[in-house]
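Residue numbers (our numbering), protein chains in the order written: chain A, 6 to 452; chain B, 738 to 1167.
The next block holds one structure in the form of structure tokens; read it before the comments.
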Amino acid sequence: MTLIATRPGPGAARAYRFPQVVRRTVAGGQVVAAHLPGQTLAVALLLLDGGAGREPVGKEGLGAVLAKALEEGTAQRDATAYALAIEALGTELVAGLDWDSFQVSVQVPVDRLSAAVELLAEAVRTPRLDPTDVLRVRDDEATALRMDWANPGPRADAVLRADLFGAGNRWGRPLYGDPESVAALEVDDVTVFHSEWFIRPGTLIVAGDLERIDLDALGATAFAGTGGGPVDRGGPIEVPLAGRRRVILVDRPGSVQSTLRLGHPSPHRAHPDHVPMTLAGTVLGGAFTSRLNHLIREVRGYTYGIRGDFASSRRFGRFAVTSGVQTAVTAPALVESVGEVSRTQLTGVTEEELEVARSWRAGQLSVELQSPRAIASALTTLVVHDLPDDYHARLREALLAATVEEVSAAAAAHLHPESLTLVVEGDAAVIRDELVAAGLGEVVDHT
Amino acid sequence: MPDSGYPWPIETTRLDNGLRVVVSEDRTAPAVAVNLWYDVGSRHEPAGQTGFAHLFEHLMFEGSVNVAKTEHMKLIQGAGGSLNATTNPDRTNYFETVPAEHLELALWLEADRMGGLVPALTQETLDNQRDVVKNERRQRYENVPYGDAWLRLLPLLYPPGHPYHHATIGSMADLNAADLATFQAFHSTYYAPNNAVLTVVGDADAAEVFALADKYFGGLAARSDIPAAPDGRTVPATGTPAVETVTADVPAPRVYVAHRTHPFGDPGYDVTTVLATVLGSGRGSRLYQRLADGERIAQPDLVGAYGVDLAHAPAPLIATATARPGVTAERLRDGLAEVVDELATVPVTAAELDRAKALLSTMWWRQMSTVDGRADTLGRYATQFGDPARAADRLPGWLAVTAEQIAEQAAALLGADDRVILTYLPEETS
Chain A
6 MTLIATRPGP GAARAYRFPQ VVRRTVAGGQ VVAAHLPGQT LAVALLLLDG GAGREPVGKE
66 GLGAVLAKAL EEGTAQRDAT AYALAIEALG TELVAGLDWD SFQVSVQVPV DRLSAAVELL
126 AEAVRTPRLD PTDVLRVRDD EATALRMDWA NPGPRADAVL RADLFGAGNR WGRPLYGDPE
186 SVAALEVDDV TVFHSEWFIR PGTLIVAGDL ERIDLDALGA TAFAGTGGGP VDRGGPIEVP
246 LAGRRRVILV DRPGSVQSTL RLGHPSPHRA HPDHVPMTLA GTVLGGAFTS RLNHLIREVR
306 GYTYGIRGDF ASSRRFGRFA VTSGVQTAVT APALVESVGE VSRTQLTGVT EEELEVARSW
366 RAGQLSVELQ SPRAIASALT TLVVHDLPDD YHARLREALL AATVEEVSAA AAAHLHPESL
426 TLVVEGDAAV IRDELVAAGL GEVVDHT
Chain B
738 MPDSGYPWPI ETTRLDNGLR VVVSEDRTAP AVAVNLWYDV GSRHEPAGQT GFAHLFEHLM
798 FEGSVNVAKT EHMKLIQGAG GSLNATTNPD RTNYFETVPA EHLELALWLE ADRMGGLVPA
858 LTQETLDNQR DVVKNERRQR YENVPYGDAW LRLLPLLYPP GHPYHHATIG SMADLNAADL
918 ATFQAFHSTY YAPNNAVLTV VGDADAAEVF ALADKYFGGL AARSDIPAAP DGRTVPATGT
978 PAVETVTADV PAPRVYVAHR THPFGDPGYD VTTVLATVLG SGRGSRLYQR LADGERIAQP
1038 DLVGAYGVDL AHAPAPLIAT ATARPGVTAE RLRDGLAEVV DELATVPVTA AELDRAKALL
1098 STMWWRQMST VDGRADTLGR YATQFGDPAR AADRLPGWLA VTAEQIAEQA AALLGADDRV
1158 ILTYLPEETS
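Written as structure tokens, this is what we have:
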């Protein structure tokens, strides 16, 4: 065995470049595109201001039902004919939403892009929305949520969200609703939501070989027959921190693991501390090498994985730690996780840790932004958050320039271990006494 | 679309110690993918040692002669890279994608754990990663509804002693019994340069990679007596269906229908791939049209069919559906079986075939759209078929499949008398 003992240093750094961004105004809508020379596939994504944040309180899941109803036939053809037409191009219609936007996309070999965008626009702008179909889709979606909620996680997520943001607010309820909210939706809810948000032009995102794509023609197709301008999107929401830490126990009898969801509110996406906060989250829990995963997985063996991060949308954000731990070690895993949050808040990060975090986040821009789908997603970030074309290059510089002092200050300001809500979904009869004895805060049962 | 499924250059060499090196240069992005396929998977595990290949994969991240415990992850992430590893019945792969200037670091790390893992392996590390893997088993298989379906399907498809009889995650009892000496021997036996393929794709040229490979891996000794896994290519048909019904804490009845087909890489498996797409991929598929839309007995999000791409024995084709509220497991099972049966009797139309091929083309190019996707593909073809350039043949192979071939395969292999049926029933209704 002959091994080279000396670790090699890096070679000459290659210049980072985000693909060239092209913006057009066409037929009343915006086209934002990235040039990917030589790519066989192209992605087109229609971005609409119809995210979950637009759903009225009590109508959670409306966007998710509409997403599926779009494929139940259009003014031109029935559901089966539509499925056969779009899949013959090599794509499915992918529709989904987050808090800030509704997105519908196709991914095809570049020579089929214009045909695919025609079908995309047909479904988004002129869906049939036959009442019988809408009700069936609604019932199917409620069933699908019941299936999903039989897994560990969704209930804990919902309990944490309600505790952080208040169940009286839309943003205090699950992104996709819950089985009951979806089951209560009516046909009119769906058709009104469509007419309010799906007839406005929106933004067409395109990622592909632009020498083989006519952006003006795509835009004209995507925006044909649309009307209405942008609607005010509202400012950041002030979310108060909890006055004390507490544990909420969600019973899952017989569970061999406890699902952990720890969290508190944090700043919205445009907050000036976004970069140092992201890095503080990375050191604490955002990477495999971070403090939480090192201690809870690599030292203790309590879990297959644990992560913690700051996540944010236009109007609000949250810090959260998520994991699944063996039932028998639920209390020590919680105590040690809270301990790492507290330690990071009090003493900040070290240069050695930050060096890994900033290089990783910066390098990920080269490594992860390769496919048309990934580039389209990056363009979506530019549009939703009103960022400039050179955002990714600037972000890379900001990540690499962040200092220990800045990141430690962000950890001190934006981590709140005493205000954490600790949601534990597990076998309550087995773990309750230990959770009480752990002294992390009052233990209450979710009912 | 290009005519070939792999329109990039491929250059190969073999070091004196048997390590095969594959390079595919592409300067589009300043990133490079490094990928190692080791020709060892759970098919090599003897009785009593299930789960060892996968647990071993975890140990490969825990330090080697010149790399401290947990340093591997730290160095790759500190270089801006992404990394992971996976184990399946056939093989174990390790991969990282890094900004191109860190290529040499990645090669050094891979060489150090190929050649220098055993002296660094401790009981403490083994105990820790055994706990991690047991938690992985709980999280992925035990604590979720239907999570053990794959664990149940494999022994129904493959008889005792067959290399695919047991699942890669292994049994808790075997994991508990794992001792350090066994793992040291496992590395010495299988982690040899002549049992691996190193693939590099992206912002690097072949001459540079070949020189670096020789520098870092060239001093490692080959092993001459690597034991083969048991031969599983012949699985006698039993002539009777294998039926299992499980009553469990699940929210709705679910049925899996499974068959043994051909090994991945055989022309017959190209037929299986297209057949599975016709049967169960997308809203235009037969299962969706018949069970989710037509009769409306299956939940639309949970109906589908797929082949599992295993190369060393007839690979499984699996079709599944979950009942809509009020639909019994029997009705669902009959409906699912009927649609599978009709593949032999109701000819696949030109429109069905074109739809399936279009979806498969997009799937292929999606895999090819990243340097890491390409590297894993080339490593697979070099390992399993001796030539990375054969990757170019897969997409044309799919596109050449005919409706007649699908009907013939369905008649020959998907008969009701050679079928596996696994049914889950909710506890309340039993």
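The beta-carbon is built from N, C-alpha and C at its ideal position, and this holds for glycine as well.
I need the straight-line Cα distance from residue i to residue j, nearest angstrom please.
| i | j | result |
| --- | --- | --- |
| Trp437 of chain A | Val449 of chain A | One detail in the question is off: residue 437 of chain A reads as Arg in this sequence, not Trp. Approximately 10 Å between the Cα atoms of the pair. |
| Arg249 of chain A | Val340 of chain A | 16 Å |
| Trp176 of chain A | Gly239 of chain A | 13 Å |
| Pro1163 of chain B | Leu1028 of chain B | 20 Å |
| Leu445 of chain A | Leu425 of chain A | 10 Å |
| Gln25 of chain A | Glu360 of chain A | 29 Å |
| Thr1166 of chain B | Trp154 of chain A | Annotation note: pLDDT 48 at Thr1166 of chain B (below 50); position unreliable, coordinate value reported separately. C-alpha separation (whole angstroms): 19 Å. |
| Val111 of chain A | Gly233 of chain A | 25 Å |
| Leu935 of chain B | Leu384 of chain A | 34 Å |
| Arg970 of chain B | Val994 of chain B | 21 Å |
| Tyr1007 of chain B | Arg205 of chain A | Looking at the sequence itself, residue 1007 of chain B is Asp, so the reference to Tyr does not match. If you take the alpha carbons of Asp1007 of chain B and Arg205 of chain A, they lie about 45 Å apart. |
| Asn298 of chain A | Leu165 of chain A | 21 Å |
| Leu190 of chain A | Ala275 of chain A | 33 Å |
| Arg348 of chain A | Gly291 of chain A | 16 Å |
| Phe1001 of chain B | His1049 of chain B | 8 Å |
| Ala74 of chain A | Leu134 of chain A | 7 Å |
Of the choices the options, whose alpha-carbon is the least far from that of residue i?
| i | options | result |
| --- | --- | --- |
| Pro422 of chain A | A:Leu51, A:Gln350, A:Phe228 | A:Gln350 |
| Gln814 of chain B | B:Arg828, B:Phe832, B:Asn803, B:Pro826 | B:Phe832 |
| Leu169 of chain A | A:Ile253, A:Glu201, A:Gly14 | A:Ile253 |
| Gly907 of chain B | B:Trp887, B:Ser925, B:Pro967, B:Arg960 | B:Trp887 |
| Val36 of chain A | A:Ala147, A:Gln44, A:Phe23, A:Leu52 | A:Leu52 |
| Ala784 of chain B | B:Pro896, B:Ile747, B:Gly818, B:Tyr883 | B:Pro896 |
| Ala247 of chain A | A:Leu420, A:Arg22, A:Asp221, A:Ser364 | A:Leu420 |
| Ile1055 of chain B | B:Val1064, B:Leu1073, B:His1049 | B:Leu1073 |
| Asp885 of chain B | B:Arg867, B:Ser925, B:Phe923, B:Asp986 | B:Asp986 |
| Ala227 of chain A | A:Gly66, A:Ile301, A:Gln108 | A:Gln108 |
| Pro184 of chain A | A:Arg399, A:Ala381, A:Ser317, A:Gly66 | A:Gly66 |
| Leu858 of chain B | B:Val881, B:Glu838, B:His903, B:Thr807 | B:Thr807 |
| Pro13 of chain A | B:Thr749, B:Gly976, B:Ala848 | B:Ala848 |
| Ala929 of chain B | B:Gly853, B:Thr824, B:Lys811 | B:Gly853 |
| Thr327 of chain A | A:Ser371, A:His269, A:Val372 | A:His269 |
| Leu1136 of chain B | B:Glu782, B:Val1015, B:Asp1113, B:Asp1071 | B:Val1015 |
| Ser1018 of chain B | B:Pro1037, B:Gly1005, B:Asp1003, B:Arg1033 | B:Pro1037 |
| Ala1052 of chain B | B:Thr787, B:Met797, B:Asn825 | B:Asn825 |
What distance in whole Å lies between the Cβ atoms of residue j and residue i, which are believed to be in contact at a cut-off of 8 Å?
| i | j | result |
| --- | --- | --- |
| Ala1066 of chain B | Val992 of chain B | 7 Å |
| Gly1044 of chain B | Thr1009 of chain B | 5 Å |
| Tyr309 of chain A | Asn872 of chain B | 4 Å |
| Thr905 of chain B | Ala1093 of chain B | Not really, about 29 Å apart at Cβ, beyond 8 Å. |
| Ala72 of chain A | Gly95 of chain A | No, Ala72 of chain A and Gly95 of chain A are not in contact; Cβ-Cβ is about 21 Å, not under 8 Å. |
| Arg29 of chain A | Leu220 of chain A | 6 Å |
Quick check on the burial criterion: 16 or more other C-beta atoms within 10 angstroms. Buried or exposed for residue i?
| i | result |
| --- | --- |
| Asp916 of chain B | exposed |
| Thr453 of chain A | Given that chain A is displayed from residue 6 to residue 452, the structure contains no residue 453 of chain A and the question cannot be resolved. |
| Pro964 of chain B | exposed |
| Ser741 of chain B | exposed |
| Glu411 of chain A | buried |
| Arg751 of chain B | exposed |
Would DSSP call residue i helix, strand or coil?
| i | result |
| --- | --- |
| Thr264 of chain A | strand |
| Gly329 of chain A | strand |
| Pro1125 of chain B | helix |
| His957 of chain B | Here residue 957 of chain B is Leu; the residue named in the question, His, does not match the sequence. Leu957 of chain B falls in the coil class under three-state DSSP. |
| Leu1159 of chain B | strand |
| Trp774 of chain B | strand |
| Glu762 of chain B | strand |
| His451 of chain A | coil |
| Thr1009 of chain B | helix |
| Ala121 of chain A | helix |
| Thr750 of chain B | strand |
| Val1085 of chain B | coil |
| Val211 of chain A | strand |
| Tyr928 of chain B | coil |
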